[in-house]
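**Student:** Right, I'll just put the structure down here and ask away after.
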Amino acid sequence: MAGAGENWFFGRPRLGFFKDSAAHVLNHAPFVRGNVQDFFAREGGPRAHRVLFSNIKQCRRCKKACALTLSSCNRCNASLDDVQVTETPNLFTAFVLGIEDSGHFPLRISIRYETESCLVFDDPLALSPAHFCAIPTMDFIPDWRYLLQAPKEGLEIVQALVNASHKAFREQFLADPEWTSSILRDSDLLEAKHTLIGFNFPPSQNQLHLQYIAPPLIPHQYFMYLLGQHFTYNRFFPLSYVQKCLTELTKKTDSLKKYHSLVHIPIDEMLDILDNECNLSYKGEHAKFFSRVEEMQKRFGNWGEDKFQGVYQLPENDGDKKGKLLFKSFSGGSFYIDENLAFAEEKEKLQNYGRPYDEEGRPSGGFYAFPKRLEDLNVWS
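In this note's numbering, the protein residues as written are 28 to 408.
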C-alpha cells in the first residue's frame, strides 16, 4: 500500500482514518519580541549577520526557500533555473534565539522534544506523518561539512540529535497503538532500524539540521520521490555516510587543519577527497539509501484505496494542463487542480505539524524553552 506510482497518488483522505499526534510545547512566549530584522538592527556586525541570514532561491510559485543548487523546487517542482539568489532570515537560528517573528510570519514551532542543547520539531514541509528536524542549540554550525573539522565532537553532536529524535518518535508515535494501526501496515517498525535519516547540502536554512523521516512517506511525497525530487544525489547525505566519514577521520593521526578547506571547494570534489581518505563510496551509500526508501514504503505504507476519496493523476498531455493534476473521485466525477494546491492540501491533512489545529484550522505551536543569547552561541567557521 505505497499510495502512489510514477504518475498518480491517492488523495483527499477520508475523515477518521488517520490518527494525529499532538506536539509537546512547554513555552508559549518568545524570548525576543519583534522580528529577525529588528534583532539584527540592534545587534549588528558580521557575526550576527552570518548567524541570522541564509542565501536561498525562493520559488516563485509556492514561495518555498530552496537550496542554491536545486534546479527545481522540492515542494512544487517549479523550475528555479532563472531564480536569483536572495537573502532571507535564518529561521532555525531564530528558533534557538527565541525570536518572535520572521518579518513575514510568527516563528512558532511544533516542538517534539527539547533540552538545553538540542531542539526536535516537526518539519513544516513534512514528507511523512512523522518527519522531524533536529538541531543543536549551543552551536551555530552552517551545515554538516563543518563537522569534518572536529570529527570527534561532530560525531557526538550527530548522535545526540539522532538519540533525541528516536526518543520523540518512540514515545509520541510508536507508543500510541491508534497511530501505529492507522499509519503503519507493519507494526514492527524499529526507530533505530527503519527510519530515513540524513542531512542536506546546501541546506535551505544555514543551521545543521538532521532530517528524521519515519516511513511511510505521505502519498504525494512518495510520488515526488518516484519523480526524483527527494533525497537527490549530491544534495542528500545519508546518516550512514556522515557517521562513517566522521568515524574514520577520528582515527587520523595527522593534523585535521587540511579538512577546513573542504567547506570551500565544490561538493563533488569534497566527496572525492572523503571517499579516498575514509575508504568509502558516497555513490554506493546514497544508492543504498535511495532504494531503501522504496523498500520501507512498500513494507510500512498503509495507504489503502478505502482510506481516500480518489486519486490524483498527471495529465496525459501536458500542454495547457502544465502544473495541473487531474483528480478522479472513486464515487465518480473528476476535475483539474493546481498541483501546488493539491500538495498543500494533502500535507495539511496527513502531517502532524502544529497538532492540534486551532478553532480556525491553523497549526498551533510555541517557542524554544531554553533560548540562547547570540553571544553564547559557539560559531563554527
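We treat Cβ as the ideally placed atom computed from N, Cα and C, and that holds for glycine.
(1) Just curious, the beta strand (DSSP E) that C145 is in, first and last residue?
(2) Count the other CB atoms within 10 Å of the CB of T25; is the residue buried (16 or more) or exposed (fewer)?
(3) Suppose the cutoff is 7 Å on Cβ atoms and the five residues either side in sequence are ignored; what does the same chain contact list for R60 look like?
(4) Do A50 and G388 have their beta-carbon atoms positioned less than 8 Å apart in this structure?
(5) Which residue from F228, V78, L377, K90 puts its Cα closest to that of P293?
(6) Report yes if the C-beta distance between I162 and Q234 is below 8 Å; otherwise report no.
(7) Only counting the same chain, and skipping five residues up and downstream in sequence, which positions put a Cβ closer than 7 Å to that of S361?
(8) Note the first and the last residue of the continuous beta strand (DSSP E) segment covering R326.
(9) State the DSSP-derived secondary structure class of G72, mapped to helix, strand or coil.
(10) Would you identify the three-state DSSP class for H218, choosing helix, strand or coil?
(11) Do you know how far the Cα of Q186 is from the Cα of R319?
(12) Looking only at its own chain, which residues have a Cβ that is under 7 Å from the Cβ of W171, when we skip the five neighbours before and after it?
(13) Could you give the uninterrupted runs of the alpha helix (DSSP H) lying entirely in the stretch 160-186, keeping only those of 4 residues or more?
(14) What does a CB cutoff of less than 6 Å around V123 pick up in its chain, not counting 5 residues either side in sequence?
(15) Which one of Y260, F317, F196, Q232 has the shortest CA to CA distance from D415?
(16) Please go through the same chain and pick out, in chain order, the residues whose beta-carbon is closer than 7 Å to the beta-carbon of F317, but skip the five residues on each side of it.
(17) With W206 as the anchor, note down where its alpha helix (DSSP H) starts and where it stops.
(18) If we ignore side chains and look at the alpha-carbon of each, how far apart do F357 and H291 end up?
(19) With a 10 Å radius around its C-beta and 16 neighbouring C-beta atoms as the bar for buried, classify A384 as buried or exposed.
(20) Would you grab the beta carbon distance between P116 and V63 for me? Rounded to a whole angstrom, and I think it's under 8 Å.
(21) Would you kindly report the start and end of the unbroken alpha helix (DSSP H) that includes Q248?
(22) Which ranges would you report for the beta strand (DSSP E) in the stretch 101-127 if only whole runs of at least 3 residues count?
(23) Considering only residues of the same chain and omitting the five flanking positions on each side of N379, which have a CB-CB separation below 7 Å?
(24) Is G30 buried or exposed, if buried means 16 or more other CB atoms sit within 10 Å of its CB?
(25) For C93, name the three-state secondary structure that DSSP assigns.
(26) What does the Cβ neighbour count give for V189, buried or exposed, with the cut at 16 atoms within 10 Å?
(27) Can you have a look at R139 and say buried or exposed, based on whether 16 or more other CB atoms are within 10 angstroms of its CB?
(28) Tell me the DSSP secondary structure of Q232 in three-state form.
(29) Is the distance from the Cβ of N367 to the Cβ of C103 below 8 Å?
(30) What separation, rounded to the nearest whole angstrom, lies between the Cα atoms of D403 and V110?
(31) At the level of alpha carbons, what is the spacing between I184 and K349?
(32) Tell me which residue opens and which closes the beta strand (DSSP E) that K355 is part of.
(33) Since L182 and T274 are thought to touch, with beta carbons under 8 Å apart, how far apart are those beta carbons, to the nearest angstrom?
(34) In the DSSP assignment, what residue or residues form a beta bridge with N62?
(35) Does the separation of the CB atoms of Y363 and K374 fall below 8 Å?
**Tutor:** According to the structure data:
(1) Walking along the sequence shown from the start, residue 145 turns up at place 118. Where C145 is concerned, the enclosing beta strand (DSSP E) stretches over 145-149.
(2) Residue 25 lies beyond the stretch modelled for the chain, which goes from 28 to 408, so this question has no answer here.
(3) Your numbering for residue 60 matches position 33 in the sequence shown. Excluding positions up to five away in sequence, the list reads E127.
(4) Start at 1 with the first residue of the sequence shown, and residue 388 comes out as number 361. Start at 1 with the first residue of the sequence shown, and residue 50 comes out as number 23. Cβ atoms of G388 and A50: not closer than 8 Å.
(5) As a working note, residue 293 is residue 266 in the sequence shown. If we check each option's Cα against that of P293, F228 comes out closest.
(6) The count along the sequence shown starts at 1 and reaches residue 162 at position 135. The count along the sequence shown starts at 1 and reaches residue 234 at position 207. Contact: yes.
(7) On the sequence shown, residue 361 is found 334 positions in, with the first residue counted as 1. Cβ neighbours of S361 beyond the five flanking positions: L353, F354, K355.
(8) Stepping through the sequence shown from its first residue, residue 326 is reached at position 299. Element bounds for R326: not the beta strand (DSSP E) but the alpha helix (DSSP H), 309-327.
(9) As a first step, residue 72 is located in the sequence shown; it is residue number 45 there, counting from the start. In this structure, G72 counts as helix in the three-state DSSP scheme.
(10) Mapped onto the sequence shown, residue 218 falls at position 191. His is not the amino acid found at residue 218; the sequence shown has Glu there. Residue state, collapsed to three classes: helix.
(11) Within the sequence shown, residue 319 is the residue found at index 292, counting from 1. Within the sequence shown, residue 186 is the residue found at index 159, counting from 1. The alpha-carbon atoms of R319 and Q186 are separated by roughly 21 Å.
(12) Walking along the sequence shown from the start, residue 171 turns up at place 144. F226, F228, L235, F264, V269, listed in sequence order.
(13) none
(14) Working through the sequence shown from its first residue, we reach residue 123 at position 96. Only residues of its own chain outside the window of five on either side were considered, and among them T164, K399 have a CB closer than 6 Å to the CB of V123, listed in chain order.
(15) Here the chain has residues from 28 to 408 only, and residue 415 is not among them.
(16) Here residue 317 refers to the residue found at position 290 of the sequence shown. The answer, listed in chain order, is F258.
(17) On the sequence shown, position 179 is the one that residue 206 refers to. Taken as a continuous stretch (DSSP letters only), the alpha helix (DSSP H) holding W206 covers 204-210.
(18) Counted from its first residue, the sequence shown places residue 357 at position 330. Counted from its first residue, the sequence shown places residue 291 at position 264. Between the alpha carbons of F357 and H291 lies a gap of roughly 53 Å.
(19) Within the sequence shown, the letter at position 357 stands for residue 384. The sequence shown places Tyr at residue 384, not Ala. The Cβ neighbour count for Y384, taken over all protein chains shown within 10 Å, is under 16; the residue is labelled exposed.
(20) Indexing the sequence shown from 1 puts residue 116 at position 89. Indexing the sequence shown from 1 puts residue 63 at position 36. Between V63 and P116 the Cβ distance is about 4 Å, and since that is below 8 Å, they are a contact.
(21) On the sequence shown, residue 248 is found 221 positions in, with the first residue counted as 1. Residues 246-253.
(22) 112-116
(23) Here residue 379 refers to the residue found at position 352 when the sequence shown is read from its first residue. Contacts found: D47, S48, D149, P156, A157.
(24) If you number the sequence shown from 1, residue 30 lands on position 3. With 16 or more other Cβ atoms within 10 Å, it is buried.
(25) Taking the sequence shown and counting its residues from 1, the one referred to as residue 93 is at position 66. Correct three-state label for C93: strand.
(26) On the sequence shown, residue 189 is found 162 positions in, with the first residue counted as 1. It is buried - the Cβ of V189 has at least 16 other Cβ atoms within 10 Å.
(27) Locating residue 139 in the sequence shown gives position 112, where the first residue counts as 1. Under this definition R139 is a buried residue.
(28) Position 205 of the sequence shown, counted from the first residue, corresponds to residue 232. DSSP places Q232 in coil when its eight states are reduced to three.
(29) Mapped onto the sequence shown, residue 367 falls at position 340. Mapped onto the sequence shown, residue 103 falls at position 76. By the CB criterion at 8 Å, N367 and C103 fall inside the cutoff.
(30) If you number the sequence shown from 1, residue 403 lands on position 376. If you number the sequence shown from 1, residue 110 lands on position 83. Whole-angstrom Cα-Cα distance: 36 Å.
(31) On the sequence shown, residue 184 is found 157 positions in, with the first residue counted as 1. On the sequence shown, residue 349 is found 322 positions in, with the first residue counted as 1. Between I184 and K349, the C-alpha separation is close to 44 Å.
(32) Against the sequence shown, residue 355 aligns to sequence position 328. Taken as a continuous stretch (DSSP letters only), the beta strand (DSSP E) holding K355 covers 351-356.
(33) Counting from 1 along the sequence shown, the entry for residue 182 is found at position 155. Counting from 1 along the sequence shown, the entry for residue 274 is found at position 247. With 8 Å as the limit, L182 and T274 qualify as a contact, their Cβ atoms being about 7 Å apart.
(34) As a first step, residue 62 must be located in the sequence shown, where it is residue number 35. Looking at the DSSP assignment, N62 forms a beta bridge with D128.
(35) In the sequence shown, the residue the question calls residue 363 occupies position 336. In the sequence shown, the residue the question calls residue 374 occupies position 347. Result no, Cβ atoms of Y363 and K374 do not sit closer than 8 Å.
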